[in-house]
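Have a look at the structure below before the remarks.
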Amino acid sequence: MKKDPSTKLSRPFSILRCFPTGENLFWGFKLRESDVDSRSPKCQELALHPLINSLCETYLTPYSNELPKLHFTPSYASDCEDPQILHRDRGVWGSYVNRSIETQFSTIWAISQFHNNQQTTQNGSGSHKWDKDRQPNENEMVSCHNASRIQ
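Using this note's numbering, the first residue of the sequence shown is number 16, and each one after it goes up by one.
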(Lines of atoms letter the chains of each structure in order from A and count residues from 1; the text may use other names and numbers.)
(Lines give C-alpha, C1' and ligand atoms only; values in the text may rest on other atoms or scores of the structure.)
Protein backbone atom coordinates (compact mmCIF):
# COMPACT_ATOMS: atom_id res chain seq x y z
CA MET A 1 0.00 0.00 0.00
CA LYS A 2 1.40 3.40 -0.98
CA LYS A 3 2.06 5.76 1.93
CA ASP A 4 -0.18 8.83 2.00
CA PRO A 5 2.02 11.92 1.40
CA SER A 6 -0.27 13.99 3.64
CA THR A 7 1.10 12.23 6.73
CA LYS A 8 4.67 13.49 6.30
CA LEU A 9 5.66 15.74 9.16
CA SER A 10 7.96 18.02 7.19
CA ARG A 11 5.30 18.99 4.67
CA PRO A 12 1.98 17.35 5.42
CA PHE A 13 0.56 18.00 1.96
CA SER A 14 3.27 17.43 -0.59
CA ILE A 15 0.59 17.84 -3.27
CA LEU A 16 0.75 21.57 -2.50
CA ARG A 17 4.04 21.76 -4.41
CA CYS A 18 1.90 21.45 -7.55
CA PHE A 19 0.07 24.71 -6.82
CA PRO A 20 1.39 28.22 -7.39
CA THR A 21 2.27 30.50 -4.51
CA GLY A 22 0.13 33.51 -3.69
CA GLU A 23 0.61 36.82 -5.40
CA ASN A 24 -0.67 39.52 -3.01
CA LEU A 25 -0.84 40.52 0.67
CA PHE A 26 -3.97 38.42 1.27
CA TRP A 27 -2.75 35.16 -0.27
CA GLY A 28 0.87 35.87 0.59
CA PHE A 29 3.77 35.58 -1.79
CA LYS A 30 5.21 32.25 -0.66
CA LEU A 31 2.16 30.51 0.82
CA ARG A 32 0.95 27.40 -0.97
CA GLU A 33 -2.68 26.62 -0.44
CA SER A 34 -5.34 24.60 -2.16
CA ASP A 35 -8.68 22.95 -1.53
CA VAL A 36 -7.40 19.38 -1.34
CA ASP A 37 -10.00 18.01 1.07
CA SER A 38 -11.57 15.71 -1.49
CA ARG A 39 -8.16 14.38 -2.60
CA SER A 40 -6.36 13.95 0.69
CA PRO A 41 -7.06 11.01 3.00
CA LYS A 42 -5.74 13.11 5.91
CA CYS A 43 -8.29 15.87 5.25
CA GLN A 44 -11.03 13.29 4.89
CA GLU A 45 -9.98 11.89 8.27
CA LEU A 46 -10.12 15.38 9.80
CA ALA A 47 -13.59 15.98 8.35
CA LEU A 48 -14.82 12.95 10.28
CA HIS A 49 -12.91 13.68 13.50
CA PRO A 50 -15.33 13.61 16.48
CA LEU A 51 -13.80 16.68 18.17
CA ILE A 52 -14.11 18.85 15.07
CA ASN A 53 -17.67 17.70 14.36
CA SER A 54 -18.71 18.18 17.98
CA LEU A 55 -17.37 21.75 18.06
CA CYS A 56 -19.02 22.63 14.76
CA GLU A 57 -22.33 21.12 15.81
CA THR A 58 -22.34 22.92 19.17
CA TYR A 59 -21.44 26.28 17.67
CA LEU A 60 -23.47 26.25 14.44
CA THR A 61 -26.64 24.32 15.37
CA PRO A 62 -28.46 27.42 16.65
CA TYR A 63 -28.01 29.02 13.22
CA SER A 64 -28.74 26.16 10.83
CA ASN A 65 -31.09 23.27 10.13
CA GLU A 66 -28.27 20.85 9.47
CA LEU A 67 -24.54 20.69 10.00
CA PRO A 68 -22.92 22.53 7.10
CA LYS A 69 -20.14 21.04 5.00
CA LEU A 70 -16.78 21.17 6.64
CA HIS A 71 -14.14 22.80 4.48
CA PHE A 72 -10.45 22.24 5.03
CA THR A 73 -7.74 24.25 3.35
CA PRO A 74 -4.33 22.94 4.30
CA SER A 75 -1.54 25.43 3.89
CA TYR A 76 2.20 25.44 3.98
CA ALA A 77 3.63 28.82 4.96
CA SER A 78 7.30 29.35 4.23
CA ASP A 79 9.45 30.62 7.10
CA CYS A 80 10.12 33.77 5.09
CA GLU A 81 6.45 34.61 4.37
CA ASP A 82 5.15 38.02 5.44
CA PRO A 83 2.24 38.22 7.90
CA GLN A 84 -1.13 37.93 6.17
CA ILE A 85 -3.29 41.05 6.25
CA LEU A 86 -6.11 40.98 8.79
CA HIS A 87 -9.27 39.59 7.29
CA ARG A 88 -12.48 38.04 8.49
CA ASP A 89 -13.71 35.02 6.58
CA ARG A 90 -17.28 36.03 7.35
CA GLY A 91 -16.79 39.03 5.06
CA VAL A 92 -17.58 36.90 2.03
CA TRP A 93 -21.27 37.42 2.89
CA GLY A 94 -21.02 41.23 2.83
CA SER A 95 -24.17 42.87 4.16
CA TYR A 96 -26.43 40.15 2.67
CA VAL A 97 -26.54 38.30 6.00
CA ASN A 98 -26.95 40.30 9.21
CA ARG A 99 -23.81 40.25 11.38
CA SER A 100 -25.83 38.85 14.30
CA ILE A 101 -26.13 35.57 12.37
CA GLU A 102 -23.02 33.42 12.51
CA THR A 103 -22.28 31.93 9.10
CA GLN A 104 -18.98 30.24 9.79
CA PHE A 105 -16.98 28.49 12.47
CA SER A 106 -13.38 29.13 11.48
CA THR A 107 -10.50 27.47 13.28
CA ILE A 108 -6.83 26.83 12.64
CA TRP A 109 -5.54 23.33 13.37
CA ALA A 110 -1.91 22.28 13.14
CA ILE A 111 -1.65 18.97 11.29
CA SER A 112 2.11 18.80 11.64
CA GLN A 113 4.84 20.58 13.56
CA PHE A 114 4.08 24.25 13.07
CA HIS A 115 6.84 26.81 13.34
CA ASN A 116 5.73 30.35 12.72
CA ASN A 117 9.00 32.25 12.89
CA GLN A 118 7.71 35.23 10.93
CA GLN A 119 4.27 35.32 12.63
CA THR A 120 2.63 34.61 9.28
CA THR A 121 -0.49 33.21 10.93
CA GLN A 122 -1.99 35.46 13.58
CA ASN A 123 -5.27 35.53 15.45
CA GLY A 124 -7.16 38.53 16.77
CA SER A 125 -9.44 37.07 19.42
CA GLY A 126 -12.90 38.61 19.18
CA SER A 127 -12.07 40.44 15.94
CA HIS A 128 -15.10 38.87 14.27
CA LYS A 129 -17.21 41.28 16.35
CA TRP A 130 -15.22 44.39 15.43
CA ASP A 131 -16.41 47.00 12.98
CA LYS A 132 -15.27 45.92 9.52
CA ASP A 133 -12.84 48.84 9.18
CA ARG A 134 -11.31 48.55 12.66
CA GLN A 135 -7.62 47.71 12.72
CA PRO A 136 -6.07 45.84 15.66
CA ASN A 137 -3.72 47.33 18.19
CA GLU A 138 -0.36 45.58 18.28
CA ASN A 139 -1.19 43.81 21.56
CA GLU A 140 -4.47 42.37 20.19
CA MET A 141 -2.83 40.00 17.70
CA VAL A 142 -1.42 36.66 18.81
CA SER A 143 0.96 34.57 16.72
CA CYS A 144 -0.20 30.97 16.27
CA HIS A 145 2.34 28.37 17.38
CA ASN A 146 1.25 24.73 17.14
CA ALA A 147 -1.52 25.35 19.66
CA SER A 148 -4.05 22.74 18.56
CA ARG A 149 -2.52 19.67 17.00
CA ILE A 150 -4.87 16.77 16.31
CA GLN A 151 -3.35 13.36 16.95
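Backbone N, C-alpha and C define an ideal beta-carbon position, used for all residues, glycine too. Please read these numbers as outputs of a predicted model, since none were measured by experiment.
By a C-beta neighbour count over all protein chains shown, 10 Å radius and 16 as the cutoff for buried, is residue i buried or exposed?
{"i": "Leu61", "result": "buried"}
{"i": "Thr136", "result": "buried"}
{"i": "Lys144", "result": "exposed"}
{"i": "Lys147", "result": "exposed"}
Mapping the DSSP letters down to three states, classify residue i as helix, strand or coil.
{"i": "Ser142", "result": "helix"}
{"i": "Thr73", "result": "helix"}
{"i": "Leu63", "result": "coil"}
{"i": "Pro56", "result": "helix"}
{"i": "Tyr111", "result": "coil"}
{"i": "Asn68", "result": "helix"}
{"i": "Ile30", "result": "Bear in mind that the predicted position of Ile30 carries a pLDDT of just 43, short of 50, making it unreliable; the figure below should be weighed with that in mind. Three-state result, Ile30: helix."}
{"i": "Gln166", "result": "Because Gln166 carries a pLDDT of 47, less than 50, the predicted location of this residue cannot be relied on, and no value is offered for it."}
Between residue i and residue j, which are expected to be in contact by the criterion C-beta below 8 Å, what is the C-beta distance as a whole number of angstroms?
{"i": "Phe120", "j": "Leu66", "result": "With 8 Å as the limit, Phe120 and Leu66 do not qualify as a contact, their Cβ atoms being about 13 Å apart."}
{"i": "Cys159", "j": "Ile116", "result": "The pair is not a contact, with the Cβ atoms about 27 Å apart (cut-off 8 Å)."}
{"i": "Val157", "j": "Ser140", "result": "7 Å"}
{"i": "Pro7", "j": "Leu101", "result": "Only positions 16 to 166 of the chain appear in the structure, and residue 7 is not among them; the question remains open."}
Using the DSSP secondary-structure output, state which residues sit across from residue i in a beta bridge.
{"i": "Gln137", "result": "Ser158"}
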